Amino acid sequence: MKLKCGFEWHVQLDTNKLFCSCPSLLIDKDKDIEIKRRFKASLGESGKADITASFEEGKARDVIYEAPVEASCLVEADEEPPHEINKEALKIALEMSNALNCKIFDEIIFMRKVIIDGSNTSGFQRTALIAIDGSFKVKDKNIGIATINLEEDSARRLGSNLNVAKFKLDRLGIPLVEIATELIETDEEELKEIAEEFGRFTRLFKVKRGIGTIRQDVNLSIEGGSRVELKGFQDIRHMDRVIVNEAERQKSLLKLINDRGYLSQNLNSINNKGLNQILSSTKSELIIRGIKSDKLVLGIGFKNFKGIFGYKLCEGKRFGSEVSDYLKALFGAGIIHSDELPAYGISLDDVRKVKEELNLGEDDAFLITIIKKEEKERAIDSILNRIRSLLASVPTEVRAVNEDNTSSFLRPIGGKDRMYIETDLPIVEVEKDLLKEAEKFKGFSTESLKSKYGLNDDTLNLLIKAKKLDLALKLNLELKLDFNTIKKVLVEDLTYVRHKLSLDLDENAAIDILKQIADGTITKEASAPILERMALNEFKSADEAIKKVNLRKLYKDELKKEILPIIKSGKLNENDIIISLKQKVGPRFDYNEAISVIQTLNGKKGNN
Amino acid sequence: MPDSIKNLGRGDSLEIDFKGTLIHGDLIDRKDGRLILKLKSGYDIALKENEISHIKLIKKSEKTEERKPANLKIEDLNDADVGIITTGGTIGSKVDYKTGGVSPTFTAEDVVNLSPDIKVYGKMYITNLMNVFSENMTPKNWIDIAKEAATHIKKGVKGVVVTMGTDTMHYAASALSFMLNPLSAPIVITGAQRSGDRGSTDGSTNLLASVIAAKKWDGGEAVICMHANMSDEYNFILRGNKARKMHTERRDAFRPINIKPLGKVYIDGRIENINEHREKSEETKIDTKIDEKVALLMSYPSFDGKIIDYYVDEGIHGLVIAATGFGNLPTANENLIKALKHANEKGVPIVITSQTVYGRTNKFVYKTSREMSSFQNIIYVDDMTTETAFTKLMFVLGHRKKLEDINEMMRTPLAGEMSERSEIDEFLI
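Now the structure itself:
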């Protein structure tokens, strides 16, 4: 299907936090220091409360933070101003910007982006624009990169119960590079490919790996539908499914609007009643709990609405879900509607009672929500507004991607009134040296690496996966060794030794070995046995090992001395000689050198 | 630099060529050879003027109307439940969102916007008395605040809230505790560690808690009302002359020294009394006679008293020295002894406190301090804090001239600034 979309990728960097020296670690512990905060709605830059903030006013302002001391400090607790920006994070961001052929600002201004759902302890996110106008190639398609930002990640949501949101401060402050593309004309298959290729691209740099370390948001316009922002794709493999479901949802909603949109006129006179009394003998746990905790079990009746709430929009979503998700976002409470009953322990008899109470007939429907008594007016308003909006057009909004490949309303799309300058930080002048170093990354990509260094996919992927690409490139440059050798020692042999002996061995040992190989002191076959001895702490350095154990590469005349007797013993075939040589001296010779010696000796012999 | 740059003004819409890409933005500021622009996305960027090759004015800025403060009815003082006096500081600061600079004005509307829930507690009379950062506050400022507060109380408010910067809040609070003594209504002093433009500002709950305390607390004292811990649930009510800012930046920076908090005030309106405190008196008495010629010193290894000589010769009327330990000075240094003698002869009182902050000074335990006690002008003040000793000495010197009278008044508790008992659970709380 034809789509227009823009990506927004958020990539976590593998460095300390952006504005303090805490490690960027996720800590899962039972008990942490707890901090309780109450936010006030703050005014955006123009002095008007911004739309999103007013929306959030409907949400409770009380937030609980858990602050693990291993990964958070006074900066995350909003008890200390931000420190100077993390230079390593800036460096990586500049490298990425160059690799994406962007135009980079040499002075960086951090802004405060107002966010009051509690996910930032200060009530805002610190973010800065660092580059614009670049491009990213996927197969033959050139994707425009609009902007690149460097910013801090938000706190980790710990699941919110009614009215109190809970977050963990370990994730707050981890550096993020945000990369936003221009609008792309594409389809759902290609979309997935682009996302996957981008994922590969990011792993060329020092980024965090694993689930949740890259978050993808997609700004989507489906032909004939409305623009929505889909936030929080964590599994790219299902991206196309999510898009297909979203297109389906929009299409179905449009059809409903076409057929039954006139029903929004009925919304001006609806009936609502508290149902605590008449449902007092229900078997539904949900209702019982609500009544017990002194909440209002609110019932709202809708004339001629039968089948509307239960109308299927796509796999996993009905019209009722759209209302429910919206209400949940505002009040923490969803809805139950008559089309899905009996269910949740609510019996047909209960349904009859409610219909009677709300004066409803065969063609009508009702919904039930359980909220605080004082929220009644606001809840009714919100529900009616939502239904009106859904019966008029597909609402433009921000939706969260769910695990079942559907999406749910998250919040309205924010306006511009949300940013102002961060006054606790000076303008960051990027050092000329840093800019120059980063320029080397112009055009850096998997393709360019493969062609420049003659790397094949397997080797490149192996090095990326082992997070050793950077080091490998450096060693290739300094030691003039080929990538196969580097890969063997640095990744394969090291892993083998660690695995076989269940011992930890520093990668410096492998680097040591590679230096010796480059010097010609040992062959690459000797690397694994030497690493083993080093792991067992027999020797502190490759040098020592080589001296003590007889694994030094044989000099040419020594090689001759060893081969001659083998030939004399009657072996003529080169391979047979090599095998015998190996049995005799172990990994102390280079195959090609040995062959050359054999041939020379054979030649001589032949001449004799 | 293209000529066109010279005539640009704030708010002008510009088109600029940046490394081959055209950027559109509004001019926010020009400084240090840079143009600061705000892009449509809301982000600001900085471009060096001498690196701009092409710039085009798209639209000149319109003179925007100064946003008139909404017609907020601030009640007549005659009617008010609580008086709020603002004096500046972080809690009294407003950010100009476009430039990031601090706005010089802070109106009554701004106060209510900071903490709209204060309206629940009745009619507020809000006045902006001055606009200073507390590190710049002077004794004259304290006098002005005392006078304004007294006026409020006379008109019948249940309590007065004073908002100010936090750096020297404990100095101001001590001074007020002596100048307004006794009190028929509490003076509740508060501030903010986090600026008010952000959703997380502690100024919001601090102001609310202080209004609640001013209206409902049954004490007649000058108190500091700030966060008790990093959470927003409740604040402490601390005796102003026995409190101190103990952290540069934390919300709970203010701690009680050598005393427990007097009470807790919750943002849901509850007040819990924790400790004995002075009750409201029948009438408030104001006395702002102080002598500002007092200096504060801190002793240290190799302190030799030269500075004491300097001050005495300059005509100082009193000195406070934050000494070490129990109140010790390096009396092995002959020059120090000479200086103390000199000060004594000139009739300059020297009040000794301890830089340990906590604990009680004692002049008998060590030989050195016994030596010091031979001087008439050396005054030990038990568990009084250094900052309170400083403001109290100013107050005392405004009322007494002779050394023995000064000594007597310094050693007599006037407003709960000294206590006789050191309770076990008063350390590091």
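Chains as they are written, first to last, in this note's numbering: chain A, 273 to 880; chain B, 21 to 449.
Note that beta-carbon positions come from the ideal geometry of N, C-alpha and C, so glycine has one too.
If you're wondering where the values come from, they're calculated on a predicted model, not measured in any experiment.
The beta carbon of Gly283 of chain B sits no closer than 8 Å to any beta carbon of chain A. With respect to chain B, the C-beta atom of Asp405 of chain A has a partner C-beta closer than 8 Å. Cα atoms of Lys575 of chain A and Val623 of chain A: separation of roughly 15 Å, rounded to the nearest angstrom. Residue state for Pro276 of chain B is assigned as strand, using DSSP reduced to three classes. CA-CA distance, Gly431 of chain A to Phe439 of chain A, rounds to 8 Å. Interface annotation for the segment 266–281 of chain B against chain A: Glu269, Arg270 and Arg271, criterion Cβ-Cβ distance under 7 Å. Within the same chain, Cβ atoms closer than 6 Å to the Cβ of Glu348 of chain A are found at Leu441, Leu444 and Gly445, the five residues on either side in sequence being excluded.
Comparing alpha-carbon positions, the option among A:Met368, A:Glu360 and A:Cys292 lying closest to Lys714 of chain A turns out to be A:Met368. Taking 8 Å as the CB threshold, Tyr145 of chain B stays off the interface with chain A. Contact note: Gly606 of chain A does not reach chain B at a C-beta cutoff of 8 Å; the least C-beta distance is about 27 Å. Contiguous alpha helix (DSSP H) elements confined to the segment 844–869 of chain A occur at 846–857, taking only those with 4 or more residues. Identification of chain A residues near Phe38 of chain B by a Cβ-Cβ cut-off of 7 Å yields Lys375, ordered along the chain.
For Val132 of chain B, not one C-beta of chain A is nearer than 8 Å to its own C-beta. The beta-bridge partner set that DSSP reports for Met144 of chain B consists of B:Val102. Per DSSP, Pro837 of chain A is one residue of the alpha helix (DSSP H) stretching across Lys828 to Lys840.
Within its own chain, the residues whose Cβ lies closer than 8 Å to the Cβ of Arg264 of chain B, once the five positions on either side in sequence are excluded, are His190, Phe274, Arg275, Ile277, Val377, Thr405 and Glu407, listed in chain order. In this structure His609 of chain A is buried. Its beta-carbon is surrounded by 16 or more other beta-carbon atoms within 10 angstroms. The beta carbon of Val115 of chain B falls within 8 Å of a beta carbon belonging to chain A, placing the residue at that interface. Secondary structure remark: continuous beta strand (DSSP E) runs of at least 3 residues inside the segment 476–506 of chain A, in chain order: 486–494 and 499–505. Remark: C-beta atoms of Glu711 of chain A and Asn370 of chain A approach each other more closely than 8 Å.
With fewer than three CB-CB distances shorter than 8 Å, the segment 644–655 of chain A does not count as touching the segment 613–629 of chain A.
In the assembly as shown, Glu155 of chain B is an exposed residue. Its beta-carbon has fewer than 16 other beta-carbons within 10 Å. With the rule of 3 Cβ pairs closer than 8 Å, the segment 674–683 of chain A does not count as touching the segment 349–362 of chain A.
For Arg218 of chain B, the nearest CB of chain A lies under 8 Å from its own CB, placing it at the interface with that chain.
With a contact defined as Cβ atoms closer than 8 Å, Met273 of chain A and Ala437 of chain A miss out at about 36 Å. Using a CB distance cut-off of 8 Å, Ser123 of chain B does not count as an interface residue toward chain A. Asp37 of chain B and Ser81 of chain B do not touch by the CB rule: their CB atoms are close to 21 Å apart, not below 8 Å.
From the beta-carbon of Lys714 of chain A, no residue of chain B is found nearer than 9 Å; the closest lies around 13 Å away.
Under the DSSP assignment, Arg259 of chain B falls outside any alpha helix (DSSP H), being part of the beta strand (DSSP E) whose first and last residues are Tyr254 to Arg259. Around Glu253 of chain B, the beta-carbon contacts reaching into chain A at under 7 Å are Lys308.
With at least 16 other beta carbons inside 10 angstroms of its own, Tyr598 of chain A counts as buried. Taking CB atoms only, Arg390 of chain B has no neighbour in chain A less than 8 Å away. Phe681 of chain A: not part of any alpha helix (DSSP H); member of the beta strand (DSSP E) spanning Ser679 to Pro684, first to last residue. Neighbourhood of Met250 of chain B in chain A, by CB distance below 7 Å: Ile307, Ala349 and Glu351, in chain order. Under the three-state reduction of DSSP output, Trp162 of chain B falls in the helix class. Under the three-state reduction of DSSP output, Gly436 of chain B falls in the coil class, being neither helix nor strand.
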